[in-house]
Amino acid sequence: MTEKRPITVEDLTKIIYVSDPQISPDGQWIAFVHTTPNANEKRYTTQIWLAATDGSGTRQLTRGGKDSSPRWSPDGKTLAFVSMRNGVPQIFLLPMTALGGEARPLTSHANGAVAPAWSPDGSQIAYLSGSNAAERNKEDSDEKVEPPIDELEAKYRKDREAEDKKAYFDPMPMARIPYRQGTSYMDDRRQQVYVIRTEDGLEGDQAKPRRLTSMDVSYTPPQWSPDGGTLYTGRPWNTEADEHFRWFNIYAIDVDSGEETRFIEDDERNYFGALPSPDGQWLAAVRGETKQTDDLGRFVLLPIGGGEPVVLNETLDRSVGGFDWTADSRLFASVADNGSVNVYEVDIANKRFKPVVTGRMYVRDFAVGKDGAIAYTVSTPTNPNELGYQAADASEPTILTEVNKKLLDEVIVQQTYEVRFASPSGTEIQGWYILPVGYEDGKQYPLALNIHGGPHVMWSDSERSMWHEWQFHAASGYLVFYCNPRGGDGYGEAFQQAIHNDWGDAAMVDVMAGVDLMIEKGLVDQSKMAVTGGSYGGYMTGWIVGHTDRFAAAVSQRGVYNLTSFYGTSDVPILISAEFDAEPWEDPEKLWAHSPLAYAHKVTTPTLLIHSENDFRVPIEQAEQFFAWVRRATDTPIKMLRYPREGHELSRSGEPNHRISRLTEMVKWFDMYCKDSTED
4 MTEKRPITVE DLTKIIYVSD PQISPDGQWI AFVHTTPNAN EKRYTTQIWL
54 AATDGSGTRQ LTRGGKDSSP RWSPDGKTLA FVSMRNGVPQ IFLLPMTALG
104 GEARPLTSHA NGAVAPAWSP DGSQIAYLSG SNAAERNKED SDEKVEPPID
154 ELEAKYRKDR EAEDKKAYFD PMPMARIPYR QGTSYMDDRR QQVYVIRTED
204 GLEGDQAKPR RLTSMDVSYT PPQWSPDGGT LYTGRPWNTE ADEHFRWFNI
254 YAIDVDSGEE TRFIEDDERN YFGALPSPDG QWLAAVRGET KQTDDLGRFV
304 LLPIGGGEPV VLNETLDRSV GGFDWTADSR LFASVADNGS VNVYEVDIAN
354 KRFKPVVTGR MYVRDFAVGK DGAIAYTVST PTNPNELGYQ AADASEPTIL
404 TEVNKKLLDE VIVQQTYEVR FASPSGTEIQ GWYILPVGYE DGKQYPLALN
454 IHGGPHVMWS DSERSMWHEW QFHAASGYLV FYCNPRGGDG YGEAFQQAIH
504 NDWGDAAMVD VMAGVDLMIE KGLVDQSKMA VTGGSYGGYM TGWIVGHTDR
554 FAAAVSQRGV YNLTSFYGTS DVPILISAEF DAEPWEDPEK LWAHSPLAYA
604 HKVTTPTLLI HSENDFRVPI EQAEQFFAWV RRATDTPIKM LRYPREGHEL
654 SRSGEPNHRI SRLTEMVKWF DMYCKDSTED
């Protein structure tokens with residue numbers, strides 16, 4: 004047997020991810036998305052694959068480079084999916100009968116089409132497509148827009164569209180906030196709800212779509228009522244307000260007339276993710292109790308026939324992620340709890356959650372079959388991602404894929420150890436540590452402390468997005484430590500709200516208690532400690548180095564350093580006013596006192612700042628300020644790395660070559676200050 008080797012930074016591109024599992028109506032197959040990084044071409048390849056639920060194997064279904072969102076027709080004879088084959092996303096139909104056949108385009112919107120949802124009888128698909136007022140007016144006229152006759156015509160239209168878009172942004176008209184999102188500036192197009200007949204596209208004729216909405220707001224993916232007469236979707240009820248997501252409600256759209264009705268009259272709370280039960284009795288949804296960002300959220304059932312909502316997770320005191328119904332209207336949901344995300348069946352009558360897919364794992368997404376079988380994607384401390392399946396009559400799940408077997412057979416995967424410790428605040432904190440590769444008992448090692456973002460998220464020892472990074476740090480000779488300080492998800496609402504009006508100090512106390520535990524265990528050389536984190540974790544890194552000199556090195560990524568300027572430049576300014584109960588002009592002293600920039604002149608820890616040029620969640624001006632402040636006020640070594648074309652998701656979905664560079668530069672910085680010149 005070949006001796007295993009330590010994980011390298013380049014192994015990042017060998018990790019394959021699976022997502023969006025969908026069980027066929029007959030229960031025999033699972034369609035899922037298969038994603039492979041390609042560092043040479045600076046992109047990812049996403050394709051649709053099939054897995055047999057009996058465990059007999061998997062096979063590739065589509066060959067496009069950007070295929071996603073597989074959705075089975077009710078009879079299982081056709082698979083709808085979204086593909087970027089012509090430069091913009093369109094919905095395709097693929098025959099799934101024994102005879103097979105080629106995928107045919109169903110839509111041909113100039114601005115693309117996404118989020119397909121089959122009607123219960125399979126005759127129509129509802130979906131979303133972006134358009135502005137002028138484009139909608141053109142659609143509503145009798146003017147017919149013919150599809151391109153060939154690739155040359157398609158290219159001409161694409162080039163013309165690019166020129167029109169360029170003209171729109173020269174100069175850029177901005178009348179609302181936010182005006183940019185993700186990695187780009189927002190134009191005046193909004194996602195509208197459409198329906199289209201499926202048999203037309205399946206036979207090869209160009210189907211005629213029918214738009215049901217026209218409001219100048221974006222709608223969420225539509226869901227069909229069991230009788231096929233209504234579509235449920237979400238949109239802002241206050242169409243004139245900025246930050247539309249603060250004013251979300253559920254709307255019912257009559258499929259025949261297009262008449263739109265607000266489902267529930269409630270201006271004080273937000274509603275997201277409405278999913279009707281097959282018996283037509285309920286809409287399952289998540290309700291925000293307030294317009295605060297540290298609200299746990301209530302998992303509710305809204306009676307379709309009218310009546311009071313039923314709150315399901317009141318006593319559970321945990322947040323609910325995804326949820327799905329079986330054909331007989333049993334409800335399943337994923338729940339974040341104490342460092343794991345598992346799937347539960349919900350006893351609606353008694354408001355109880357029964358664990359079904361459970362254990363030390365992180366279920367990223369799941370779907371249920373008609374009979375209650377569950378398909379899910381999962382990561383564990385020893386495997387970054389696979390596809391799992393649990394039959395309705397089975398007590399144990401089955402892993403159906405081995406997409407990462409080749410890599411795992413080659414590399415050393417270090418064990419992850421859980422710890423529980425008391426913070427000086429009296430709160431119990433959950434954390435984990437990973438010993439460095441080649442660990443020798445009794446020897447002390449450099450520490451790599453990693454702090455999560457959010458701030459209201461939960462880290463897990465099975466966290467897919469961090470799996471390679473943590474193992475790479477361990478392979479680089481570091482003891483890796485991370486934990487869930489107060490403010491995070493998974494430990495109840497009081498825990499999550501414990502940092503309200505108190506970013507910085509509270510979480511630092513918890514994190515440093517974990518660091519001290521690693522020192523007390525004799526695992527860490529406290530003169531060689533490094534700290535890193537991204538987003539809110541970058542905020543915490545900046546906060547920590549401004550309040551202590553205990554760390555030899557710091558790498559702060561996409562961090563928030565000036566809460567006031569963040570409010571004016573971010574696409575989520577609500578994060579400031581909601582977390583601190585004040586607008587910047589109402590209490591500027593409070594925001595400055597909680598800004599890492601206010602303490603940057605005290606930084607003595609050599610610090611590397613990593614930020615993306617197109618990060619509109621935490622704009623790069625945040626890093627520029629911190630860099631200039633430390634550079635001008637101190638003699639402390641500081642360096643800034645700026646990544647072009649990237650946004651806030653650099654570490655998770657940025658260009659593979661940039662992700663490799665980021666990890667390489669991080670460890671180089673750690674090594675420079677945490678290792679002797681004689682150490683590897």
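Residue 4 is where the sequence shown starts when you use the working numbering, and the numbers rise one by one after that. Cβ coordinates follow ideal geometry from the N, Cα and C atoms, glycine included. Values in this document were obtained by computation on a predicted structure and should not be read as measured data.
The beta strand (DSSP E) runs of length 3 or more contained entirely in the stretch 276 to 300 are, from start to end of the chain, 285 to 291. A direct Cα-to-Cα measurement between MET543 and VAL12 gives close to 25 Å. LEU315 places its beta carbon 8 Å or farther from that of TRP285. Cβ atoms of GLY58 and GLY372 stay farther apart than 8 Å, at about 15 Å. For SER76, the closest alpha carbon among the candidates ALA101, GLY125, TRP52 is that of GLY125. Within the model, the alpha-carbon separation for HIS597 versus VAL606 is close to 16 Å. ARG238: member of the beta strand (DSSP E) spanning 233 to 239, first to last residue.
A check of alpha carbon separations from LYS211 across ALA277, SER111, ILE437 identifies SER111 as the nearest. Secondary-structure assignment with DSSP links ASP70 through a beta bridge to SER86. The shortest C-alpha to C-alpha distance from GLU431 to any of GLU586, VAL414, ALA497 is the one to ALA497. Within the same chain, and ignoring the five residues on either side of GLU627 in sequence, no residue has its Cβ closer than 6 Å to its Cβ. GLN418 and GLY441 have their C-alpha atoms spaced approximately 12 Å apart. Partner residues in a beta bridge of ILE623, as assigned by DSSP, do not exist. Segment contact: the stretch 456 to 475 against the stretch 346 to 356, fewer than three CB-CB distances shorter than 8 Å; contact not assigned.
Taking C-beta atoms as the reference points, PRO427 and TYR481 fail to come closer than 8 Å.
DSSP places ASN252 within a strand segment (E or B) once states are collapsed to three. Residue ranges of uninterrupted beta strand (DSSP E) with 3 or more members, entirely inside the stretch 512 to 556 and ordered along the chain, are 527 to 537. Leaving aside the five residues that flank SER280 on each side, the residues in its chain whose CB is nearer than 6 Å to its CB run, in chain order, TRP328, SER332. When the five nearest sequence neighbours on each side are left out, the beta carbons in the same chain lying within less than 7 Å of the beta carbon of THR572 are those of PRO622, GLU624, in order along the chain.
Annotation: the continuous alpha helix (DSSP H) that includes PHE475 extends over 470 to 478. Considering only LEU611, ALA601, LEU15, TYR130, the residue with the shortest C-alpha distance to VAL558 is LEU611. Around the CB of TRP632, 16 or more other CB atoms lie within 10 Å, so the residue is classed as buried. From the listed residues GLU292, TYR570, ALA42, ALA55, the smallest Cα separation to ALA378 is found for ALA55. Assignment of beta-bridge partners to HIS614 by DSSP yields ARG645.
Here DSSP, grouped into helix, strand and coil, assigns PRO591 to helix. The beta carbon of ASP230 sits closer than 8 Å to those of PRO123, GLY283, all from its chain and outside the five residues before and after it, given in chain order. Look at HIS661 here: in three-state DSSP terms it is helix.
Straight-line measurement puts the Cα of ASN140 at about 22 Å from the Cα of ASP162.
One alpha carbon belongs to ILE180, the other to ILE307, and they sit about 34 Å apart. Residue environment for ILE18: buried (at least 16 other C-beta atoms within 10 angstroms of its C-beta). Under DSSP, the beta-bridge partners assigned to ASN41 are ARG46. Contact between the stretch 445 to 463 and the stretch 509 to 527 is present: 3 or more CB-CB pairs across the two stretches fall below 8 Å. When DSSP assignments are scanned along the stretch 358 to 403, the uninterrupted stretches of beta strand (DSSP E) that are 3 or more residues long and fall wholly within it turn out to be 365 to 371, 377 to 383, 386 to 393. Around the beta carbon of ILE402, fewer than 16 other beta carbons lie within 10 angstroms, which makes this residue exposed. The alpha-carbon separation between VAL117 and LYS80 amounts to approximately 21 Å. Annotated three-state conformation of GLY133 is strand, per DSSP.
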